[in-house]
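Chemist: Residue numbers (the numbering used here): 160 to 326.
1) For the stretch 207-221 against the stretch 247-255, are there 3 or more C-beta pairs whose distance is under 8 Å?
2) When DSSP labels each residue in this structure, what does residue 290 get in the three-state scheme?
3) Just the C-alpha distance for residue 267 and residue 280, rounded to the nearest angstrom, thanks.
4) Once DSSP output is grouped into helix, strand and coil, what is the label at residue 283?
5) For residue 310 and residue 296, what's the separation of their Cα atoms in angstroms?
6) Could you name the residues that DSSP lists as bridge partners for residue 249?
7) Rounded to the nearest angstrom, what separates residue 192 and residue 255 at their Cα positions?
8) Relative to the C-alpha of residue 178, which candidate in 278, 291 and 245 has its C-alpha closest?
9) Out of curiosity, what's the CA-to-CA distance linking residue 194 and residue 278?
10) For the alpha helix (DSSP H) containing residue 310, name the first residue and the last one.
11) Taking all protein chains shown into account, decide if residue 170 is buried (16 or more other Cβ within 10 angstroms of its Cβ) or exposed.
Structural data, given as C-alpha cells:
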C-alpha cells in the first residue's frame, strides 16, 4: 500500500481591511491581479497577494531612499471634503469658525512646521457655546503646545461668534 501524500504546510492567514465601497474594492482587487500577473510572468512562478504588497512596499521604499522630497511631492493632497460612511460617523462636535481664526490656525501650523518635523495633533477640545478652544501639540517627543480658538476674543472677553449669535 502506498504511503499517503504529504500535505503541503501553509502559512497562517491574516487579513487587512480597508474602508471603501464596492467600486473601490473592485479597483483594488483588479490592480492586485494586474500586478500579480506581471510578477508571475517576470518571476516565472505563482505570486500571492502578500508578495504583491511586499513588492509594492519595496518599490515605495526604494523610491523614498532616492530622495525624500520626490516621494512627498507625489503624495495626493487630502480630499477637499470629509465624507462619512455611516450615520455613526456623524456624531461629531459642530462649531462655528471665524475667518480670522481659520487664518490664525494656518499661521500656527506653518510656524510650527518651520522648526519642528512632528505633526500637530488635537489634544483637547473645549466647547464654549458655538465656539471651540483646542490645544494642539506635537505627536511625538516635541513639547510645543499651541492654543487655538475658532473665534476671536472681544474686548469684553467674550467670543465674537457667541456675541454675533446672541443678537
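The beta-carbon is built from N, C-alpha and C at its ideal position, and this holds for glycine as well.
All values derive from a computational prediction rather than experimental measurement.
Modeler: Let's see:
1) no
2) strand
3) 12 Å
4) Strand, per DSSP.
5) Their Cα atoms are separated by approximately 19 Å.
6) Looking at the DSSP assignment, residue 249 forms no beta bridge with any residue, so it has no partner.
7) 46 Å
8) 245
9) Those two C-alpha atoms are separated by around 33 Å.
10) From DSSP, residue 310 is part of no alpha helix (DSSP H); its letter is neither H nor E.
11) exposed
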